[in-house]
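In case it helps, UniProt numbering puts the sequence shown at residues 1 to 442. Just so you know, even glycine gets a beta-carbon here, dropped at the ideal spot from N, CA and C. What you are looking at is a predicted structure, and each value in this text was computed from that prediction instead of being measured.
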Amino acid sequence: MLNPVISYLRKLGFLSSFYLDDFLLLGISYEESLKNVSTTVAFLEKLGFIINYKKSNLTPSQNCKYLGFIYDSTKMTLKLPEDKIKRVKQLVNLKLDQKIKIRKFAKILGVVVSCCPAVEYSWLYTKASERVKFLALEANSGSYEKSMKISRHVLEELQWWKQLNNASICHIRNSNYELEIFSDASLTGWVVSCNGYRANGHWKEKEKSNFINHLELLAAYFGLKIFAKDNRESAILLHIDNTTAISYIHRMGGIQYPKLNSLAKKIWQWCEKRKIWICATYIASRENREDDTESRRLQSNTEIEISNVIFEKIVALFGKPKIDLFASRSNAKCKRYVSWKRDPESIAIDAFTISWSDHYLYAFPPCSIILRTLQKIKTDAARGIMIVPEWPGQPWYPIFCSMLVSETFETPAKEGLVFSGPSMDLFWNKTTLVAGILSGKV
């Protein structure tokens, strides 16, 4: 019901986030925030909505509570309110071998998981509990009314949550990395490199029995211990040739493979002691191995291409870009392009792992990463052409408009406007697009 309301306000350039009837209004200054508040309140009341002034904070602040988290726009952090910290510490006060209903434990775990976005490294201390709950349900035919025991691994996780305090926060990060470490593994050995330096070695006999997923994750760990041992409070990007290893880093472990989870936990705890934050991205192996079945099951949802006729009109208006950030060999609009997966002619894999500041760029990103693309343009102070759907109701739309340094070019929805594969063509054929030059220096 509120989507048309939000669309109207965002089209006016007002930044906001909302969930049901809770609004978070944003601005780059006190005055802009105040204008956002007054305009939004007046518009809602004009439409017949009743504002709960007692529960609302209408004075702009750089520190506010929204949806159970405290946001600090000066330190760029999230944290938990004191009452939630107190509640969590009470809930996790369990004992070894204590019997507890699976339903009750699931509720405790649900509260714990709900806190994770605001507590750094906290996802790391949920995996053992999730696995124990899963196995307990499996052993009891899915019945939440049966009982389970608190194991040693679960108790160790709960002990970590008992240490929550007002200093427990989570930083809102950008994509600037102090180090980039490359790693690769085979069944016989490992190699790592960083800033022109290399190291390699053979596996111990007991390590050779591990699957390649484990070895790739272990090689990444070696890279950190070699090249980042003196780093503190920094962000590091890992380039890894294994999607399972990448997943276990991004998710801080997993419940399916205990051995991989144990190694991922060891890596993240090593980082936690040094206040290091790691991110992993895919890099093609030198062996360039491909599954025979890959070509038979290509996923085209991320392969979107504007028609050449429209692209030429855009270039005539805004100039010729030097690099296509989201492309493949079959649809690239520039000679130099960055692909999402391995590609024989791309200059790099994953546009978010390279600097955009030196290029006049072209970006037509999938809808799910539009906001991330805008953030990257700002972070890198980049400049270039970007195409997005004409969706004023989206949170990123006012940001897109605020970064424009040109007039926009709008192309109405029609068949043949965008090529994206059979599953998505109908969607794009009904979507109006808007293009313009954006600058991260605005």
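Contact check for Arg-10 against Tyr-397 passes: the beta carbons are separated by less than 8 Å. Assignment of Ala-332 by DSSP, reduced to helix, strand and coil, places it in the coil class. Within the same chain, Leu-94, Lys-95, Leu-96, Asp-97, Gln-98 and Ile-100 come within 7 Å of Ile-150 by CB-CB distance, once the 5 residues on both sides are set aside. Taking C-beta atoms as the reference points, Gly-416 and Pro-321 fail to come closer than 8 Å. Counting along the chain, Arg-198 sits inside the beta strand (DSSP E) bounded by residues 197-202. Closest in alpha carbon position to Thr-281, among Thr-379, Asp-184 and Phe-43, is Asp-184. For the pair Asn-166 and Val-111, the Cα-to-Cα distance works out to about 18 Å.
According to the DSSP assignment, His-359 belongs to no beta strand (DSSP E), since it is labelled neither H nor E. Going by beta carbons, Ser-346 and Ser-339 fall inside the 8 Å limit. Boundaries of the alpha helix (DSSP H) harbouring Asn-3: 3-11, taken from the DSSP string. DSSP places Ile-267 in the uninterrupted alpha helix (DSSP H) bounded by 258-274. A straight line joining the alpha-carbon of Gly-254 with that of Ala-199 spans about 29 Å. Beta-bridge pairing by DSSP links Glu-305 to Phe-419. Judged by beta-carbon spacing, Ile-314 lies within the 8 Å limit of Ala-435, meaning their Cβ atoms are closer than that value. Of Phe-427, Val-119, Arg-232 and Ile-240, the smallest CA-CA separation from Ile-172 is found for Val-119.
Take Cys-170, set aside five residues on each side of it, and the residues of its chain with a beta-carbon closer than 7 Å to its own are Thr-77, Leu-78, Pro-117, Ala-118, Val-119 and Glu-120, in chain order. With respect to the 8 Å criterion, Ile-236 and Leu-179 are classified as neighbours on the basis of their beta carbons.
In the pairwise beta carbon analysis, the stretch 258-266 is classified as touching the stretch 207-216: at least three pairs are separated by under 8 Å. In this structure, DSSP gives Phe-326 an extended state, which the three-state scheme calls strand. With a 10 Å radius around the Cβ and a threshold of 16 neighbouring Cβ atoms, His-359 comes out buried. DSSP, read as helix, strand or coil, puts Asp-83 in helix.
Sequence-distant partners of Met-386 (beyond 5 residues in either direction) whose C-beta falls short of 6 Å from its own C-beta, in its chain, are Ala-363 and Leu-438.
Just so you know, the alpha carbons of Leu-361 and Asn-195 end up roughly 26 Å apart. By the neighbour-count definition (other C-beta atoms within 10 Å, threshold 16), Gln-256 is an exposed residue. Rounded to whole angstroms, the Cβ separation of Val-37 and Ile-51 is 11 Å, and the two are not in contact under 8 Å. Here DSSP, grouped into helix, strand and coil, assigns Glu-410 to strand.
Distance between Arg-251 and Leu-47, taken at the CA atoms: about 43 Å. Only residues of its own chain outside the window of five on either side were considered, and among them Leu-164, Asn-165, Asn-166 and Ser-168 have a CB closer than 8 Å to the CB of Ile-85, listed in chain order.
Burial check for Ala-327: the Cβ neighbour count within 10 Å reaches 16 or more, so the residue is buried. In this model, Leu-218 and Leu-187 are separated by some 12 Å (Cα to Cα). Here the alpha carbon of Ser-56 sits roughly 42 Å from the alpha carbon of Trp-270.
Cβ neighbours of Ala-348 within its own chain (closer than 7 Å, five residues either side excluded): Val-338 and Ile-354. Under the three-state reduction of DSSP, Arg-103 is assigned to helix. Around Phe-69, the same chain offers Leu-78 and Ala-118 as residues with beta carbons nearer than 6 Å, after the five sequence neighbours per side are excluded. When DSSP states are grouped into helix, strand and coil, Ala-381 belongs to the coil group.
Taken through DSSP and simplified to helix, strand or coil, Tyr-66 comes out as strand.
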